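K.L.:
Have a look at this one.
There are 2 protein chains.
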Amino acid sequence: MLEPTPLDERKQRILKAVVSDYTVTGVPVGSQVLAAKYFIALSSATIRNELADLVGTGYLQQPHTSAGRIPTDRGYRYFVDFLMAPEAATPGVRRTVRQAFESAPRSVDGILEKAAMVLAQVTENVSLVTAPEVSEARIKHVDLVSLEPQSVLIILVLEGNLIKQQVVHLERATTQDDLSRMAAMLNRKVKGQTADELSARLAALGPDRDEQRQIIERMVESISVHQAQRQTVVLHDGVRNLLRHPEFVEVSRLEELLELLEQGAQLAGILQQVAFEKEVEIMIGRENTSSGLRECSLVLTTYKMADRVRGSIGVIGPTRMHYGQVVARVRLVSQATSEVLAHLGN
Amino acid sequence: MLEPTPLDERKQRILKAVVSDYTVTGVPVGSQVLAAKYFIALSSATIRNELADLVGTGYLQQPHTSAGRIPTDRGYRYFVDFLMAPEAATPGVRRTVRQAFESAPRSVDGILEKAAMVLAQVTENVSLVTAPEVSEARIKHVDLVSLEPQSVLIILVLEGNLIKQQVVHLERATTQDDLSRMAAMLNRKVKGQTADELSARLAALGPDRDEQRQIIERMVESISVHQAQRQTVVLHDGVRNLLRHPEFVEVSRLEELLELLEQGAQLAGILQQVAFEKEVEIMIGRENTSSGLRECSLVLTTYKMADRVRGSIGVIGPTRMHYGQVVARVRLVSQATSEVLAHLGN
DNA sequence: TTTAGCACTCTCGATCGGAGACTGCCAAGA
DNA sequence: TCTTGGCAGTCTCCGATCGAGAGTGCTAAA
Numbered sequence: 000m001l002e003p004t005p006l007d008e009r010k011q012r013i014l015k016a017v018v019s020d021y022t023v024t025g026v027p028v029g030s031q032v033l034a035a036k037y038f039i040a041l042s043s044a045t046i047r048n049e050l051a052d053l054v055g056t057g058y059l060q061q062p063h064t065s066a067g068r069i070p071t072d073r074g075y076r077y078f079v080d081f082l083m084a085p086e087a088a089t090p091g092v093r094r095t096v097r098q099a100f101e102s103a104p105r106s107v108d109g110i111l112e113k114a115a116m117v118l119a120q121v122t123e124n125v126s127l128v129t130a131p132e133v134s135e136a137r138i139k140h141v142d143l144v145s146l147e148p149q150s151v152l153i154i155l156v157l158e159g160n161l162i163k164q165q166v167v168h169l170e171r172a173t174t175q176d177d178l179s180r181m182a183a184m185l186n187r188k189v190k191g192q193t194a195d196e197l198s199a200r201l202a203a204l205g206p207d208r209d210e211q212r213q214i215i216e217r218m219v220e221s222i223s224v225h226q227a228q229r230q231t232v233v234l235h236d237g238v239r240n241l242l243r244h245p246e247f248v249e250v251s252r253l254e255e256l257l258e259l260l261e262q263g264a265q266l267a268g269i270l271q272q273v274a275f276e277k278e279v280e281i282m283i284g285r286e287n288t289s290s291g292l293r294e295c296s297l298v299l300t301t302y303k304m305a306d307r308v309r310g311s312i313g314v315i316g317p318t319r320m321h322y323g324q325v326v327a328r329v330r331l332v333s334q335a336t337s338e339v340l341a342h343l344g345n
Numbered sequence: 000m001l002e003p004t005p006l007d008e009r010k011q012r013i014l015k016a017v018v019s020d021y022t023v024t025g026v027p028v029g030s031q032v033l034a035a036k037y038f039i040a041l042s043s044a045t046i047r048n049e050l051a052d053l054v055g056t057g058y059l060q061q062p063h064t065s066a067g068r069i070p071t072d073r074g075y076r077y078f079v080d081f082l083m084a085p086e087a088a089t090p091g092v093r094r095t096v097r098q099a100f101e102s103a104p105r106s107v108d109g110i111l112e113k114a115a116m117v118l119a120q121v122t123e124n125v126s127l128v129t130a131p132e133v134s135e136a137r138i139k140h141v142d143l144v145s146l147e148p149q150s151v152l153i154i155l156v157l158e159g160n161l162i163k164q165q166v167v168h169l170e171r172a173t174t175q176d177d178l179s180r181m182a183a184m185l186n187r188k189v190k191g192q193t194a195d196e197l198s199a200r201l202a203a204l205g206p207d208r209d210e211q212r213q214i215i216e217r218m219v220e221s222i223s224v225h226q227a228q229r230q231t232v233v234l235h236d237g238v239r240n241l242l243r244h245p246e247f248v249e250v251s252r253l254e255e256l257l258e259l260l261e262q263g264a265q266l267a268g269i270l271q272q273v274a275f276e277k278e279v280e281i282m283i284g285r286e287n288t289s290s291g292l293r294e295c296s297l298v299l300t301t302y303k304m305a306d307r308v309r310g311s312i313g314v315i316g317p318t319r320m321h322y323g324q325v326v327a328r329v330r331l332v333s334q335a336t337s338e339v340l341a342h343l344g345n
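Chains A and B supply the protein sequences, listed in that same order.
In terms of numbering that gives the first Met the number 0, the first sequence opens at residue 0 and continues consecutively.
In terms of numbering that gives the first Met the number 0, the second sequence opens at residue 0 and continues consecutively.
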C-alpha cells in the first residue's frame, strides 16, 4: 500500500476529470482529450506531466505505452472520498421507484424482491438485498398447526410482520386442540420477547415439559443469528445488465461473479459485516477480499424495518461505474424500501 | 414445415451418429469421421451421399460448404422421438441428488430451491422450477393475526403443508381475541375445502357478515389460479453453467435468455401450459415461441405433491445437449422432489 | 449401389503493414 | 521554475493476404 500522497488542487481536478470521462466513455483518456474538454487553458504537454505524476503515485495507470490513462482502485477511492460531487436522484428515477413499490405485494419478501428489481433497473447493475436480520426482533404471535400426529408446524410472526416457519417433530402424538391450547399459552408467555431473551429463559426452565420446551427451542432456533446466517438469502437481480458493460465481454469474469451470486453464502458474509456504520459503504476492486470481485465495486447501505430489524441493500458493478449516481440511487431505493416496510401493517 | 419423410434404417443410423457425435464434440461432423468411428464397413463417399439426402430432407444442415453436418431442429426432434436410447442416471448422480435433499430445509420452498440447485448441477444447464399450483389444494388450517387494529394477516396452511399468507384491511378495528374466535370458526367451516369450492359457497353467502366475508374473499384470492399465475415464481439456478457452452460466447444470446429468466412471467406461462400430458416434454429450438429460446431446448416434466398439487420442473440449455442423459436426470430429480415433498410432514 | 479419385470451396490462423493515437523527452520560452 | 511546441518512438487496431486443412460434390468405374 502506498502512503497517502497529498494531491495539489490541479492534480485533483485532473484525476476527477479522468475518472468522470472514463466512467462515461469507457475509453482510456489521453492528454489531448483532457486539454480540449476540461483544461482549455493548459497545453496537452503540461497535462502529460501531471498524468505521469499521477501514474507514479498510483492513482492512474496505463493499459499500454501508447494508451491514455485509466484510474486505479486507489484513484477511484480518492475520487469517491474527496472529489465526488453529491448527486440527487432525478424525478424520473424517483417516479420509477415509487411506481415499482406501488405494485409490490404486501409482504416483506415481496417488497424486498421489488426493491432488488427496481434497484437493478435504475442503477443498471446487479442489485443485492439480504433478508432482514431478526435475532433482535420481538415476537408478535405464535401459531401451532398439526401436520401429522407427531409433526407440528410452528408459525412465528415477528415485529415488522415478518413470518418465520419451522417444522418440529414431537415424541408424542398431539392433537390440534392440544396444540391450540399450547399456542394460546405460548402467546401469553413469549409475546414481545426476542430470541435472545427467550433462549435465556429457556435455560432457566429446567428439563420438564417436553413438548413445549422442544417447540420453544425450535422457535429460538428459527430466528437466532446462527440460523439466519447459515441460510441468509441474498436476493439479486439484473445480471443481464452486466452483459452490457464492456468489461464483461470475456466470459470468465462473468462466470466467477455468477458463482458468487448463486452460492450466496460468501456474499451474505460480506453484506452482513459491512455497511452498518457509514451511511453508504463503497468497496472498490481489490479492496474486496473475494477474488471474483477483483474488478468490481460494491455500493452498499442498509434498510430499516421496525427500528431494530434491518438488512443490507446495494449493488455490484464494474469498478468503472458512475459512483455519484449509483450512490444516490442506492440511497433512494433503500429509503423507499424502509418506508414501504414501515407501512406494511397499515 | 416439411412433411415427415420416412427414413430408411441406414439413414436413421447416420442421423443418430451425427447427433451423438455432435452433442459430445460440438464440432460439425464430416463423412470421414462417421466412416471411421461409426461405419467401418462403408466408405466416406457413400456416407456423403446419405448426408446430402439428409440435408435435402431437412434433418441436417451445413454451417458452410466445406464443413461437416450438424442436426437441424427437425433432426433433433426425430432423434428424441425415435432414435434416442433410454438412459438411466448413474449411481454417482443418484447419490448427488440424494445428498442434496438431505440438507434441504423442511419447507416446500426450501425443497424446491434445492431441487433447482441440484438439477442445475447434474445437468450442467439452467434449471427451472415453478411453485406448486394450489388452486385445487384443500385447506388444512387458517390463522388470523392482528397486525394493526384494522389490519389482519391471514395465514393459510394447505395440503402438502404449503403456507400462503395475505394481509387484509378491515373496515372496523378488530382485536386479536375477535380474530382468534373468527379463526376457530373458519377452521371448522373451511377445512378440507378447495379455493374453488370456497368461492362457490361465498357467492351463496350473501352480502352480510362483512369482516368474515372480506377475509374469506382474500383467502380465495391468495390461492386462486389467477393470482397464482400472475405471480408464479419460477425458480432458476445454474446460469453460470451456460457460460461453459460455446454456443453462448456471443453475449447477445445470453442476454435474451437472461431477460426471459429474470422477468419470469413468459417462462411461467410456458411451464404451466406444457408438460402435464406426456411424462417428459421436450421442446427444441424454434419449436419454442419465445425468440429468446430460438437456439435452446427445454426438457420439462412435473413433480407431485399431495396428489392434486403439482408444479413443473425442468431445464433449459442449448439445442446441442445430451438429451438422453438430461431426460434421465430431469426425471430423477423430479421423482426425488416428489418423494421428499410427500414426506414433508412426517 | 458403392467407391476411388479429384477439383473446388470455405474457414481458420498466422503474418504483415500501415494508420492512428499517445506518450516521453528535450530544448526553448515565459 | 513552470509551461509549451516539436518530434521520435511505441503500441494497438484493423484489414489484407496467404497457405494449410478439412470436407464436399461430382464423375466414372467397379
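Every residue, glycine too, gets a C-beta built ideally from N, C-alpha and C.
In this text the structure is predicted, and so the values were computed from the model without any measurement.
(1) With 7 Å as the limit, tell me which residues of the region 163 to 186 of chain B have their beta carbon closer than that to any beta carbon of chain A; keep them in chain order.
(2) If we define contact as Cβ-Cβ less than 9 Å, is residue 289 of chain A a contact residue for chain B?
(3) Does the Cβ-Cβ distance between residue 79 of chain B and residue 235 of chain B come in under 9 Å?
(4) Taking residue 151 of chain A and residue 173 of chain A to be in contact with their CB atoms under 8 Å, please state how far apart those CB atoms are, rounded to whole angstroms.
(5) Considering Cα atoms alone, identify which of A:191, A:49, A:22, A:107 is closest to residue 11 of chain A.
(6) Using only alpha-carbon positions, find the residue among A:340, A:331, A:337 that is nearest to residue 90 of chain A.
(7) Could you tell me whether the Cβ atoms of residue 253 of chain B and residue 242 of chain B are closer together than 9 Å?
(8) What residues in its chain sit with their C-beta under 8 Å from that of residue 197 of chain A, if we drop five residues either side in the sequence?
(9) Rounded to whole angstroms, what's the CA-CA distance from residue 309 of chain A to residue 15 of chain B? Just pull it up for me.
(10) Give a yes or no on whether the minimum CB-CB distance between residue 239 of chain B and chain A is below 9 Å.
(11) Quick check on the burial criterion: 16 or more other C-beta atoms within 10 angstroms. Buried or exposed for residue 261 of chain B?
(12) Inspect the CB distances between the region 26 to 44 of chain B and the region 60 to 79 of chain B and report whether three or more fall short of 8 Å.
(13) Going by DSSP, what residue range makes up the beta strand (DSSP E) through residue 300 of chain B?
(14) Verify the CB distance criterion: does residue 195 of chain A have a CB-CB separation below 9 Å to chain B?
(15) Please state if the CB of residue 136 of chain B and the CB of residue 161 of chain B are separated by a distance shorter than 9 Å.
(16) Please check if any C-beta of chain A sits within less than 9 Å of the C-beta of residue 315 of chain B.
(17) Are residue 143 of chain A and residue 153 of chain A close, meaning C-beta to C-beta below 9 Å?
(18) For residue 227 of chain A, which three-state DSSP category applies?
(19) So for residue 52 of chain B, helix, strand or coil by DSSP?
(20) Using a Cβ cut-off of 9 Å (strictly closer), state whether residue 214 of chain A contacts chain B.
(21) From residue 227 of chain A to residue 195 of chain A, what distance separates their C-alpha atoms?
(22) For chain A, is any of its Cβ atoms less than 9 Å away from the one on residue 140 of chain B?
(23) Pick helix, strand or coil for residue 46 of chain B, following the three-state DSSP scheme.
(24) Cutting at 7 Å between CB atoms, please list the residues of its own chain near residue 9 of chain A, excluding the five before and the five after it.
(25) Give, in chain order, every residue of the region 111 to 142 of chain B whose Cβ lies closer than 8 Å to some Cβ of chain A.
(26) Based on the DSSP secondary-structure assignment, which residues constitute the bridge partners of residue 68 of chain A?
(27) For the alpha helix (DSSP H) that residue 116 of chain A lies in, which residues bound it at each end?
(28) Enumerate, from N- to C-terminal direction, the unbroken alpha helix (DSSP H) stretches of 4 or more residues contained entirely within the region 259 to 287 of chain B.
(29) Please identify, using Cβ separations under 7 Å, the residues of the region 243 to 260 of chain A that lie next to chain B, in order along the chain.
(30) Whole angstroms is fine: what's the gap from residue 0 of chain B's alpha carbon to residue 74 of chain B's?
(31) Apart from the five residues just before and just after residue 95 of chain B, which ones in its own chain have a Cβ nearer than 8 Å to its Cβ?
(32) Which residues in the same chain have their Cβ closer than 7 Å to the Cβ of residue 22 of chain A, if we skip the five residues on either side of it in sequence?
(33) Nearest to residue 24 of chain B by CA position, among B:72, B:258, B:245, B:285, is which residue?
(34) Do residue 343 of chain A and residue 291 of chain A come within 9 Å of each other at the CB atom, strictly closer than that value?
(35) Taking CB distances under 9 Å as the criterion, tell me whether residue 355 of chain B reaches chain A.
(36) With DSSP as the reference, label residue 147 of chain B as helix, strand or coil.
P.N.:
Looking at the atomic coordinates:
(1) 164, 166
(2) Start at 1 with the first residue of the first sequence, and residue 289 of chain A comes out as number 290. No, residue 289 of chain A does not count as interfacial toward chain B.
(3) Taking the first residue of the second sequence as 1, we reach residue 79 of chain B at position 80. Taking the first residue of the second sequence as 1, we reach residue 235 of chain B at position 236. No, the pair does not count as a contact, with Cβ atoms beyond the cut-off.
(4) Here residue 151 of chain A refers to the residue found at position 152 of the first sequence. Here residue 173 of chain A refers to the residue found at position 174 of the first sequence. About 7 Å; that satisfies the 8 Å criterion.
(5) Translated into positions along the first sequence, residue 11 of chain A becomes position 12. For residue 11 of chain A, the nearest C-alpha among the options comes from A:49.
(6) Locating residue 90 of chain A in the first sequence gives position 91, counting from the first residue. Residue A:331 is the option with its Cα nearest to residue 90 of chain A.
(7) One-based indexing of the second sequence puts residue 253 of chain B at position 254. One-based indexing of the second sequence puts residue 242 of chain B at position 243. Yes, they are a contact pair.
(8) Here residue 197 of chain A corresponds to residue number 198 of the first sequence, with the count starting at 1. Take residue 197 of chain A, set aside five residues on each side of it, and the residues of its chain with a beta-carbon closer than 8 Å to its own are 138, 189, 215, 218, 219, in chain order.
(9) Within the first sequence, the letter at position 310 stands for residue 309 of chain A. Within the second sequence, the letter at position 16 stands for residue 15 of chain B. Distance between the alpha carbons of residue 309 of chain A and residue 15 of chain B: 57 Å.
(10) Here residue 239 of chain B corresponds to residue number 240 of the second sequence, with the count starting at 1. Closer than 9 Å to some Cβ of chain A, the Cβ of residue 239 of chain B qualifies, so yes.
(11) As a first step, residue 261 of chain B is located in the second sequence; it is residue number 262 there, counting from the start. Classification of residue 261 of chain B: buried, given that the 10 Å Cβ count is 16 or more.
(12) Under the 8 Å Cβ criterion, the region 26 to 44 of chain B counts as touching the region 60 to 79 of chain B, having at least three qualifying pairs.
(13) For this step, residue 300 of chain B is matched to residue 301 along the second sequence. Segment 295 to 304, the beta strand (DSSP E) holding residue 300 of chain B.
(14) To locate residue 195 of chain A, count along the first sequence from 1; it is residue 196. No, no contact with chain B.
(15) For this step, residue 161 of chain B is matched to residue 162 along the second sequence. For this step, residue 136 of chain B is matched to residue 137 along the second sequence. Taking 9 Å as the Cβ cut-off, residue 161 of chain B and residue 136 of chain B qualify as a contacting pair.
(16) Walking along the second sequence from the start, residue 315 of chain B turns up at place 316. For residue 315 of chain B, the answer is no, since every Cβ of chain A falls outside 9 Å of its Cβ.
(17) Taking the first sequence and counting its residues from 1, the one referred to as residue 143 of chain A is at position 144. Taking the first sequence and counting its residues from 1, the one referred to as residue 153 of chain A is at position 154. Yes, the pair counts as a contact, with Cβ atoms nearer than the cut-off.
(18) Numbered from 1 along the first sequence, position 228 holds the residue referred to as residue 227 of chain A. The pLDDT assigned to residue 227 of chain A is 49, lower than 50, so where the model puts this residue is not dependable, and the model offers no usable value.
(19) Residue numbering aside, residue 52 of chain B sits at position 53 when the second sequence is read from its first letter. Residue state, collapsed to three classes: helix.
(20) As a working mapping, residue 214 of chain A is identified with position 215 in the first sequence. Not closer than 9 Å to any Cβ of chain B, the Cβ of residue 214 of chain A fails to qualify, so no.
(21) Position 228 of the first sequence, counting from 1, holds the residue named residue 227 of chain A. Position 196 of the first sequence, counting from 1, holds the residue named residue 195 of chain A. For residue 227 of chain A, the pLDDT reaches just 49, beneath the cut-off of 50, and the residue's location in the model is therefore unreliable, although a value from the coordinates is still provided. Looking at the backbone, the Cα of residue 227 of chain A and that of residue 195 of chain A are separated by about 13 Å.
(22) Position 141 of the second sequence, counted from the first residue, corresponds to residue 140 of chain B. Residue 140 of chain B counts as touching chain A.
(23) On the second sequence, position 47 is the one that residue 46 of chain B refers to. Here residue 46 of chain B sits in helix by DSSP.
(24) Numbered from its first residue, the first sequence carries residue 9 of chain A at position 10. Answer for residue 9 of chain A: 49, listed in chain order.
(25) 139, 140, 142
(26) Numbered from its first residue, the first sequence carries residue 68 of chain A at position 69. The partner list for residue 68 of chain A (beta bridge, DSSP) reads A:28.
(27) Your numbering for residue 116 of chain A matches position 117 in the first sequence. In the DSSP annotation of this structure, the continuous segment of the alpha helix (DSSP H) that includes residue 116 of chain A starts and ends at 107 to 122.
(28) 264 to 272
(29) Residues are counted here when their Cβ sits less than 7 Å from a Cβ of chain B; for the region 243 to 260 of chain A these are 248, 250, 253, 254, 257, 258, given in chain order.
(30) On the second sequence, position 1 is the one that residue 0 of chain B refers to. On the second sequence, position 75 is the one that residue 74 of chain B refers to. Because the pLDDT of residue 0 of chain B is 47, which lies under 50, any placement of that residue in the model is unreliable, and the number read from its coordinates should be weighed accordingly. Their backbone Cα atoms lie some 13 Å apart in a straight line.
(31) In the second sequence, counting from the first residue as 1, residue 95 of chain B sits at position 96. So the list reads 117, 120, 121, once near-sequence residues are dropped.
(32) For the purposes of this step, residue 22 of chain A is taken as residue 23 along the first sequence, with counting starting at 1. Correct list, in chain order: 319, 320, 321.
(33) In the second sequence, the residue the question calls residue 24 of chain B occupies position 25. Of the candidates B:72, B:258, B:245, B:285, the one whose C-alpha sits nearest the C-alpha of residue 24 of chain B is B:245.
(34) As a working mapping, residue 291 of chain A is identified with position 292 in the first sequence. As a working mapping, residue 343 of chain A is identified with position 344 in the first sequence. Not closer than 9 Å, so no.
(35) The structure shown has nothing for residue 355 of chain B, since chain B only spans 0 to 345.
(36) Counting from 1 along the second sequence, the entry for residue 147 of chain B is found at position 148. Strand at residue 147 of chain B.
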